[in-house]
Each structure stands twice: as C-alpha cells, then as structure tokens.
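**Q**
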Amino acid sequence: MIAAPVRGRRRRRSVVDAIASGAMIAAGLGAMIPLFAILVFILLKGIPALNVALITKNLAPPGAHGGGLKNSIVGSLMLIGLTLLIGLPPAIATGVYLAEYGRGKLGFAIRFLVDVLAGVPSIVIGIFVYSAVVLNMGRLHWLTGSDQKFTAFAGGIALALILLPVVARVTEEMLLLVPQLTRESAYALGVPKWRAIVTIVLPAASGGIMTGVVLATARIAGEAAPLLFTALGNNFYSTDIFRPIDALPLRIFIYATGPFQEQHEQAFAGSFVLVMLVLAMSVGARLALQRRQR
Amino acid sequence: MQPADIPSAPNFKRPTGIFNRFDTRELVFRALVTLAAFTVAAILMLMLFELTRTAWPAISKFGISFLWSTDWNPPKERFGALPFIAGTIVTSLLALVLGTVIGVGAALFLVEFAPPWVRVPVSYVVELLAAIPSVVYGLWGVFVLGPWIQHTAGPYILDYFSWVPFVKGPVLSVGILAAVVILTIMILPTIVAISRDVIAAVPRSQREGILALGATRWEMIRIAVLPYARSGVLGAAILGLARAIGETLAVALVIGNSTNVPDSIFSPAYTMAAVIANQFREVENPMHEASLIYVGLVLLLITLLVNAIARALVWRVTRGQITTVIE
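Each protein sequence line maps, in turn, to chains C and F.
Using the numbering used here, the first residue of the first sequence is number 3, and each one after it goes up by one.
Using the numbering used here, the first residue of the second sequence is number 990, and each one after it goes up by one.
Below is the structure:
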C-alpha cells in the first residue's frame, strides 16, 4: 500500500503548484492595474479640462475662472533647455572618462560615486542647490544684474544634477558597445586617441546616447521637488533666467494642494499635458532603441 | 566618419599615436574629461559639506538627540525629527514588503509563465509606470486613492481586521496607508525590471535538471530559481527601498502632514522628504530652516547607506552587466 500516500502527496504538490502559479499570474497582471487606473484618471479628468487657453493664456488669479498654463509650460521648456545646456557637457565628458580612461581602481571609485549620486533623493538635491547656489546669488549680482535669490538658473542646476549621473552612465555603456576594433583601426591609421574618441567612437555611439538623453529629459521634465526652493515658481510670465520661473509639475503640485475647484481642473489639464509629453519621449526613445538593437 | 578625418599617410617623423606622451591636445582632452568625472564625484562630497554647514545651528543645538526627540515646534524653536524618521521608515518598509511580494511575483510570471506576446507588452507597461511623474501619482492619490480608502477600503479593513495591531480608526482620506499604496506602485517598476533580469539570468540547465527529477513548476522556482537569484532580488528590493525613502511629492500630497508619531495605518503622518517639501518654503525662523536641512542631511545619509548596500549586492550578482533602470 504505497500507492495511496504517493498519490495523495502528488495531489497536494499539484494543488500547491496551481495556487502558486495563480498567485504569480495575478501579481503579473495586477502590476498593470495601477498604470491603467492612473491613465484612465488622467484621460477622464484631463481631457474635459483641455482648451486653447491652456497654452495661450497665463495663470488666472486664485479662484478666478479661465486662464491657462502658458507660463508654466514655457517655464518648463526653458528649464529643460537650461538643464541640457548645463548638464550635458559634463555628463558626456564623465561618460567618456569612465569608458575610455577610467578602467582602473580610480575609475571604479568614480563610477560608484556617480551611481550613488543617482540615488540621492531629488528633494535633497533641491536643498543642496538652495544652500550652495540660491543663498549665494547675491555674490553674483555684478554678473547677473538681478537681485533675485530664486532663479531659473538655480532650477537648471538642480535638474542638471539629476540628469548628470544618468547620462554619464548611459554614455559609458554606449561607448563600451562600440567594438574595440574600431578604435584600433583608427590608431593604426595614426589617429590620436582623443581624436578617435571625438570623431569616430562618439559618433558611432551617438544614437544610444541620444536615447539615454531623451529618457533622462523625460524624467527631469516631471520633477518638481528640486524646483521648490530653486526655481520657486512664478505666477507671472517670465523667461528671464535670473528670475523665479514656473514649471508644469511645480504648478500641478501647488494647485493640487489649493482649495479652489478651478485650480484642481487646471492641475488635471496640466497633468494630462505632462504625462503625454513624458510618455511620448519615453516610448519614442524605447522604440528607437529597439530598432537599433534589431 | 568622414574620409577627410583620416590622415592620408601616417607621419612617421612626428608620431601622433596613443603612445606619444607629449601630444598636448591628447593631454588637454584627457584632462578635461578627467576633470569632469572628478567634479561629478566631488559633488557628493560638496553636498555633505554644504548641508552640514547650513544645518550647523540645528546640529550644534540639538545634537544627536534630534533623531529621537518627538517635539517639532517651530514657534518655540524646539525641533526633533522622530515623527518624520518614523513615518519614512514605516511607509517605506511596508511599501518594500508589498512591492517585493508583488514585484517578484510579477517578474516570475514574466520569465517563467508568460508567452512572448504577453511578456513584451507587460514588461513595457510596467516600465512605463516608472516614467509617470511623481506629482501625477500624488494627484491621483489625492483625488482617487484617498477617497477610495476613506469610503470603501478603510471601513472594510476596519470591519474585518481591527484585531490586527495598528489597525484602528478614524479613517481619513490621507494617511500612512495611502502613502504605502502610492509608494508600492512607484517602486514596482524598479523591482520588477531588475528581478526579471536576474531571474532570466539563472541558467537553463538549473531549471531542466530539477524538472527532470519530476519537480512541478513551483518546486522548480522555489528550489532551483529563487535561491540562485536571491541576492540579485534582494538588491532590487533595496534599490526600491532607496527610491521609496527619497520619494517626495507623491507622498507629501497623501501622507496627511501630521507631526505626531503615527499609531495606526490610517493615521496622518509625515516623512522626512515630505516635511522638507511642505515646510521649507514657509520657514518661521532661522532655526526652523536649519532643522529642516538637518532632516535633509539625515535623509541623505540614510539613502547613501541603502544605495551603497543595494549597488554592492546587484553588482556582485551581475558584475555590472545589468543596465541601470532609468527612472
């Protein structure tokens, strides 16, 4: 009579297997529910609040009807431009160092610090830039001609610090994908190393680097925490980099906490614009990456 | 590359190859990229220095007891960070547990169960979750999740689970639970993406060996796959934890902004990042500002520690082969 317990055990094993499989399938599909919930929310609430005034008019006074988000959208675009201007050159240079020169212990240490910098909370970046830049803007008065402490410039620096580690590591990884043979062919022709990097290796990796830059830009476009005490936000239209400037995610945060129905609707419309912008960048970059990998 | 960039014939009299140490342009280029790399690395040191400097009034006045004092009273200039530290630890650890269970389950589903036509779109959707801005999660939390917890989930949980410690009313639309749910959703992409890669890296022979011995699929996962992927999955979870600890605006919108130490999963509370976001713009006195920066410094030190541990774990498993998740 061995058969009975064996059959019983086998049955228990298959039941456990079925339960565990069900749980894993539920987890896999369940992980998608939040995305759909959030997307449906943004569509349902955002689309009715959309109108032309959103991009042609500036913020309305609190509680008043009408008005748009023009200054927030323009501010966000300005901040993104500033961030790329400030952040990209050192980020790509760091990537070049890590891939082409920093292969030893020193390179390992720097790579580690860059990765750790990527993990610093964005709010901490915000208070760091507040303390290092915003509080020192007075000393730059002779250069800026502005007596403002909170500036778009400081906001750009804060966002650049978030962009830096991401782009540096992507640049490194993309440069390492360029075959060593390509570099050696260049050396064999008598091209010095720096020139091989600038004219041959970087162009060969430029597609991948661009993808990384777009993904990083999508991320900083949605950041508001580091702007709270740097760019500050501005109820009026401004494109002066040495004055406070508004940003779309910052405005959404301010309006979400406000008491007025009109502000909530603007926050929904702003979220719709922001999410579409970020998803378009993110999906576009991933598609480009897949096409290249194929 | 342009043919014009290649010298037509190497000049052997004055070599310009990599072995020539006296090529000034090579030296300048090398110096520039090295300088950039060192600057990026130095930013971290500068950050620690600057935060310590501006927080110094609070550090010298409250010292280390700042970490366990519960008194946060801006008008009276008395500051203690325990409510925020407790709020951060409670919300991020709960989110870590939920996120790891669901995330590793989802990763196993993607690697071991899903056919390619399911795996590709589901991976894609989960990774897109990472692209949605924090403040939009917060908005959803305020207008959808909060009311749902207050009117549907909260009363249900109270009806059936009030015997569990730390589960008691009143249920508000903001509080620990709302923050935990938001954080869980936000760290899922990190945990799913890394565990998926780590689990997929477990050799096929490992699976086939145990299947040949007659194991069911679950037994294969439990005995052959998970132990092999353990430290990588642990690293993924800790990276998720680091993200949860530093998450700011989404939490600031749903946590309820209470400076009391929470005693229920429905209590309004505060996290370190959220208190900085909400109070820094309206500081009441210089000591208030210094204390908030002190909170930021503590937050920075905690995330540095957690990140270093996570990176070390993930690196050891994958030897740096895994592509960093861009969040």
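Note that CB positions come from ideal geometry on N, CA and C, so glycine has one too.
1) Compare the C-beta of W1045(F) with all C-beta atoms of chain C and state if any pair is closer than 7 angstroms.
2) State the beta-bridge partners of I222(C) as determined by DSSP.
3) Out of curiosity, what's the CA-to-CA distance linking G210(C) and P1136(F)?
4) Might you give, ordered along the chain, the residues of its own chain that have their beta carbon closer than 7 angstroms to the beta carbon of V277(C), omitting 5 neighbours on each side?
5) Is the distance from the Cβ of L1288(F) to the Cβ of F1269(F) below 7 angstroms?
6) I want to verify the contact list: residues of chain C whose CB lies under 7 angstroms from the CB of R1206(F), in sequence order.
7) Thinking C-beta only, is S1058(F) closer than 7 angstroms to L1230(F)?
8) What separation, rounded to the nearest whole angstrom, lies between the Cα atoms of A1103(F) and I40(C)?
9) Which residue marks the beginning of the alpha helix (DSSP H) containing L177(C), and which one marks its end?
10) Go ahead and pull the three-state DSSP assignment for N1062(F).
11) Indicate the three-state DSSP secondary structure (helix, strand or coil) for L234(C) in the structure shown.
12) Per DSSP, I247(C) forms a beta bridge with which residues?
13) Does any residue of chain C bring its CB to less than 7 angstroms from the CB of P1257(F)?
14) Do I1244(F) and T1292(F) have their C-beta atoms within less than 7 angstroms of each other?
15) My assumption, with CB atoms under 8 angstroms, is that M283(C) sits in contact with T219(C). Please give the rounded CB distance.
16) Is it the case that the Cβ atoms of I112(C) and A1031(F) are separated by a distance below 7 angstroms?
17) Determine contact between the segment 26-35 of chain C and the segment 258-274 of chain C, defined as no fewer than three beta-carbon pairs at a distance below 8 angstroms.
18) According to DSSP, what are the bridge partners of G1067(F)?
19) Using the Cβ count rule (16 or more neighbours within 10 Å means buried), how would you classify D149(C)?
20) Buried or exposed, going by whether 16 or more other CB atoms sit within 10 Å of the CB of A1189(F)?
21) Determine the chain C residues that contact N1249(F) at a beta-carbon separation under 7 angstroms, and present them in chain order.
22) Excluding the 5 residues flanking L300(C) on each side, which residues of the same chain have their C-beta closer than 7 angstroms to its C-beta?
23) What residues of chain C sit near A1095(F), judged by a beta carbon separation below 7 angstroms?
24) So for H143(C), helix, strand or coil by DSSP?
25) Quick one: grab the DSSP three-state call for Y1283(F).
26) Rounded to whole angstroms, what's the CA-CA distance from Q182(C) to T1013(F)? Just pull it up for me.
27) Would a C-beta distance cut-off of 7 angstroms place V1191(F) and A1218(F) closer than the cut-off?
28) Can you check whether the C-beta of P64(C) is within less than 7 angstroms of a C-beta belonging to chain F?
**A** Taking the geometry as given:
1) no
2) According to DSSP, I222(C) bridges with nothing at all.
3) 43 angstroms
4) I44
5) no
6) D19 and S23
7) No, they are not a contact pair.
8) 24 angstroms
9) A154 to L179
10) In the structure shown, the three-state DSSP call for N1062(F) is strand.
11) strand
12) L234(C)
13) no
14) no
15) A Cβ-Cβ distance of about 6 angstroms is found for the pair M283(C) and T219(C), placing them in contact under the 8 angstroms criterion.
16) no
17) With a cut-off of 8 angstroms, the segment 258-274 of chain C and the segment 26-35 of chain C do not count as touching, because too few Cβ pairs lie within range.
18) The question names Gly, but residue 1067(F) is Arg in the sequence shown. Answer is N1062(F).
19) exposed
20) It counts as exposed.
21) Neighbours of N1249(F) on chain C: none; closest Cβ ~20 angstroms, over 7 angstroms.
22) Because chain C spans 3 through 296 in this model, residue 300(C) falls outside it and cannot be assessed.
23) A29, G30 and A33
24) helix
25) helix
26) 24 angstroms
27) Cβ atoms of V1191(F) and A1218(F): closer than 7 angstroms.
28) no
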